[in-house]
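Residue 467 in the UniProt record's numbering sits at position 467 of the sequence shown, and the numbers go up by one each step.
Written out below as structure tokens is the structure these notes cover.
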Amino acid sequence: MTMIDTLFGLIPANSRGQQWIADELQLVNWGGYDGAHRVKFSPRATLLCGGSGSGKSTLMDAYIALMMPHTTPFNGASNGGVTGRSRGDEQRNILSYGRGKLDESRTDEGTRVRVLRGDGEDTWTAISMTWTDHDGSQFTAVRAWYIPAAARIIEDTVRVRATVDGPLSLDALEVAAAQRLTDASVRAAGLETFATDREFSAKIHAVLGIGAAGAGAKAMSLLARIQAGQQITTVDELYKRMVLEEPETLATADAVVGHFDELEGTRMRMVTAQRQVRALRPIRDMRGRIEAAAEQLRLIDEIGRFSDPESLAALWGADRRLALLREVEAELQQEKAAADAESRTQQALASAAEAERDGLVEVLRNSGGDRIERAERDLSIVEKRLETVTEARRRFDAAIGQLDEDAATEKAFTALAARARDALADPGAKVAARDAYADARGATNALRASLAELADERGRTEGLRGNIPSALHEARALLADAAGLPVSELPFVGELIEVRTEFEPWREAFNLALGGFATTLLIDAAQLPQFRAAINELRVPTRLRYEGVHTGQARSGRLDPQRLPGRLDYRESPFTGWLEARLEERFGFVCVDGAEALGQHSMALSLTGQMSQGARGAHGGHGRANVLGFSNQRRLTDLADRLGELERRVVAAEATEQAAAAALDALDARHAAFAKISELTWDQIDVATLESERANWERVVAELIAGSPEIEALSAQIAALKKKIEGLQKLVGRAEEQQDRIATRWAEVTDEVDAAQRALDDAEDAGRALAPQHTEYLDDRFSAPPEGRDRSRADRLVRFDAALQSASKQLLDDQATAQDTLEEQRAHLRRALEGFLESWPNPNLRADPDSSLRDFERILRELETSGLHELETEWKHSLLKLSGNDLTNLDSTLSRSIREIKERIEPINRIMQDLPFYDDDHRLQITPRENQSEARRRFRSELREVRGLIGAATTDADREQAYERMKKFINRIRRTAPDFASLVDVRNHVRVSAEKVHADTKQHAALYDHIGEKSGGESQELIAFIVGAALRYQLGDADAERPRYAPVFLDEALIKADAHFTKRAIGAWRGLGFQLVIGAPNDKYSAIEPHVDVEYDILKDTSGRSWAKPKVGLPADAG
């Protein structure tokens, strides 16, 4: 690059006119510049000077409004204390500039803004800049805004972005402004319009050659920072704030975090879906059991009772019994035929034996056997009497066997009979035994009832929370259901408090002190009127107290542990704050060890439960059940103990009852025996006398027979036939009995068949019929299959009748079981729905099995259809893989960004190596130095470790470990992390300093690190060199002889340097080929003035209007 020495230092030989330079700035209605204004610029340097508030920065801001994006704030150099959004209501903005805002004043109607124009009427404003190229070509860019009177924000305006290849006077927009700057009217003025800022900026950057490869935005950003003239103390800060943009690592880290959060959010939705599926799946089984129980109840209700002849149950019984009766009838018919045949056979045999005997008797009589016959007849009479007396004696002996008495003689019998009559005549003997038995039985039944009630109480308590009795729980459920409130919104006081472990001995005392307050229902006071109206008509067996409470009160903090409220734990709820306050107010008893300390406090409570309130007090009531506590475990334990004690008492009572029953039975047996004894005489049981008489007659018959062998033989034959006839007659009798029995049974069965058939016919006439489901249910319950012990169809009928005897009870049991199942499953279902809504509240759902169950099932179907809950493992694997790729990219971006910072310094140093610094023998060079730290080293090491864990994970355990490590690492690179800037912003990884070197040898001469250590002039020269060289780089023509785009606006720069250093700073800018437009206050521009071609005084009159007055103007041929 060929350089020439000028007033401004060494500059490229062909710099003048060989680049785009700012030629003219035009304003219409911009800030204090009311109407149209023009400012012509020198191709080399122009000075704008004026007093504070005169309008210098307004001109500078016009350039910003034209060239910079809307995120660039106005007045950056003159007022560094602005806050809020760039160009927002709290800062200078297009609306305030367009209307010419002067100030604000407070009026009765509020704050009023005083403006030069647009107060209650429309106005417009416009800015244009014309640039000239080395060949005389010109290019103009225009921004204009039509501002309606009602406009409050920039979006309310009509915005114009336009360019023209050549010069332009903004007067050409007057006609378009009258038409509200419509696109057509602007185009009619010869301008090319653009719809967006992006298109407009792209056009300007392309024509003016700003930035390389479309990077004009970066160059304009640097120009904005240069114009703002931000206060900088170190070379490192200067380079990073003025030259370097936000590094790619920040966006990459944000992308990594965003990607991870997106994937993690989906995973959390999966986990939530899994939990929801687990929570909802049981409702299907519950619903199935509920429907099955309801169906069984419906069937039993339709079937009716077996005792009701009009019921389907009775119809089924008649139908099944008719079938069995017909089978029994057929069986009886067969038995009747067999019995008739057997009877005829035995009668024929008996008749034949009798005929044979009669013949032998006749022969015996003819042989002289009359005496034997008479003797045998008398013997037969005695034997019959003996049989009767022997049977009576057997019964008598059985009776006196229970009495432990002896009646072997007539005298002993007479005495026993007398005692029997006396015992039977005593009415009080049995009364005492009966009373003892009745008392024992009553005591046993009472204990059994208590045991059943307590067992039922335990069963209900197992499904509840806390120690409140189940009867109160059931009453609360009725009230909550009537009011349409979940039970959780109606807590008992006792459910919200628990005795702290260290104060457990005080539990009974606290229960006694709190009394009925512990079983008081609490309800939100806002819901109290509706609650009262809803329950007013409800009949509840158990009376409940309730109280409206203002919920959400703050808790009182630490309570005094010497008082009752301070010895309790409290469950977190909307009622807890109120409850603490109420307990402090009404139950703030000081807990004392003995009665002697009760009078020392206004409210006190002893360990035994005695309570004192001044001169009043209370004591007693011990043994009441505990109602305090979050858990029901203590109540279940207490119920178990009470059940055990009751069971032992029941066993003892049953033993007493059995003993009393045995005593009563023994007395009844004794009286029965006495009754039998009193009915007899000695002759009725005197067996010995008759046995002696029989022996005498047997001796007589034997003597008669022994006198004749023939008679002896005939007698023997007759005796044998007699025995045979007796046996045959018995068989005939049994056969006839069998015939009678069968006939009787047959008649009974026939009647039963007729009755069953009539019942079926009546049901058919009445239109009653069994449905298949009725028959199936009753067959399954009561038609048991034949067992091996059934010997006949009659046995099956007997078993069927026995089953029907208990069928009604079984139906009642089935009904009760089904009802219990229905209520239990509905309760389980309600708790499942309540649990779901507690975890995932939904105002559109209620925990009502009747109205909302289908909605919950729909949710479950949707969850199962989506399949989210089944993808966690696969998703975690994908999460690790994708996040591992993100971390790899972050690692490479960190390394690349540090390398790029160093690489970007090289072209800047090449530019500055040809520019004299300080004097002609020295040059300025930028030196980067990587700033290592242990924290960053560990950070990079951890990043690689996590990447390694992700890559090596093969099992679920490995992936889980890698996931947790990665999650912790991701939290370190979030913007909110305390060390985010230190670890991720690579600008902090490099320390930049400036070094003065000898031009020939490149040897080190001086180090420039802290700008604040240098004089104002030295600082300005240093800044000019570094920033100017960086700007050449950003503009994309660092290797060219001159920058393609020359204008650089410096607002209040170079005002702290003396003439020498100001000359060198301006020379540095000019040496880099830039055109300068410098703004400076009136009292600080003397050092700048000798080095500019054009100078304007910025003036403002008393009305707030500004204008630029040329002080040192351009030659006539320049303008």
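Quick reminder that beta carbons are idealized off the backbone N, C-alpha and C, glycines included.
Under three-state DSSP, which class holds residue i?
i, result
"residue 490", "coil"
"residue 142", "strand"
"residue 840", "coil"
"residue 850", "coil"
"residue 517", "helix"
"residue 444", "helix"
"residue 121", "coil"
"residue 83", "Interpretation of residue 83 is limited by its pLDDT of 48, a score under 50 that renders its predicted location unreliable; the figure taken from the coordinates is listed afterwards. Three-state result, residue 83: coil."
"residue 19", "coil"
"residue 35", "strand"
"residue 1091", "helix"
"residue 63", "helix"
"residue 29", "strand"
"residue 45", "strand"
"residue 1105", "coil"
"residue 1097", "strand"
"residue 1045", "strand"
"residue 503", "helix"
"residue 306", "coil"
"residue 611", "strand"
"residue 103", "strand"
Using CA coordinates, which residue listed in the options is at the minimum distance from residue i?
i, options, result
"residue 179", "124, 169, 197, 228", "124"
"residue 458", "644, 584, 586, 755", "644"
"residue 1033", "1019, 220, 951, 129", "220"
"residue 928", "898, 940, 916", "898"
"residue 292", "859, 913, 266, 773", "773"
"residue 191", "653, 216, 161", "161"
"residue 606", "284, 474, 511", "511"
"residue 693", "383, 322, 177, 260", "383"
If you count every other CB in all the chains shown that lies within 10 Å of the CB of residue i, and 16 or more means buried, which is it?
i, result
"residue 1101", "exposed"
"residue 812", "exposed"
"residue 37", "buried"
"residue 300", "buried"
"residue 971", "exposed"
"residue 1124", "With the chain represented from 1 up to 1119, any question about residue 1124 goes unanswered, as that position is not in the structure."
"residue 861", "exposed"
"residue 129", "buried"
"residue 120", "exposed"
"residue 842", "exposed"
"residue 887", "buried"
"residue 201", "buried"
"residue 473", "buried"
"residue 1110", "exposed"
What's the C-alpha gap between residue i and residue j?
i, j, result
"residue 209", "residue 1044", "6 Å"
"residue 825", "residue 286", "6 Å"
"residue 388", "residue 649", "53 Å"
"residue 254", "residue 975", "8 Å"
"residue 310", "residue 780", "22 Å"
"residue 83", "residue 91", "Any answer about residue 83 is weak, because its pLDDT of 48 lies below 50 and its placement is not dependable; what the coordinates show is given next. Spanning the two alpha carbons is a distance of roughly 7 Å."
"residue 622", "residue 466", "20 Å"
"residue 686", "residue 377", "22 Å"
"residue 762", "residue 312", "12 Å"
"residue 29", "residue 170", "11 Å"
"residue 1154", "residue 344", "The structure shown does not extend to residue 1154, since the chain spans only 1 to 1119, so no value can be given for it."
"residue 1060", "residue 918", "10 Å"
"residue 903", "residue 147", "47 Å"
"residue 923", "residue 1041", "18 Å"
At 4 residues or longer, what runs of the alpha helix (DSSP H) sit wholly inside the stretch 929 to 1012? 934 to 952, 956 to 972, 980 to 984
Would you mind listing the alpha helix (DSSP H) stretches within the stretch 141 to 221 that are 4+ residues and don't spill past its ends, in chain order? 174 to 178, 183 to 188, 197 to 208
Suppose only complete runs of 3+ residues qualify. What are the beta strand (DSSP E) ranges in the stretch 524 to 584, listed by chain order? Considered as a whole, the stretch 524 to 584 harbours 546 to 549, 568 to 570 as its complete beta strand (DSSP E) runs of no fewer than 3 residues, in chain order.
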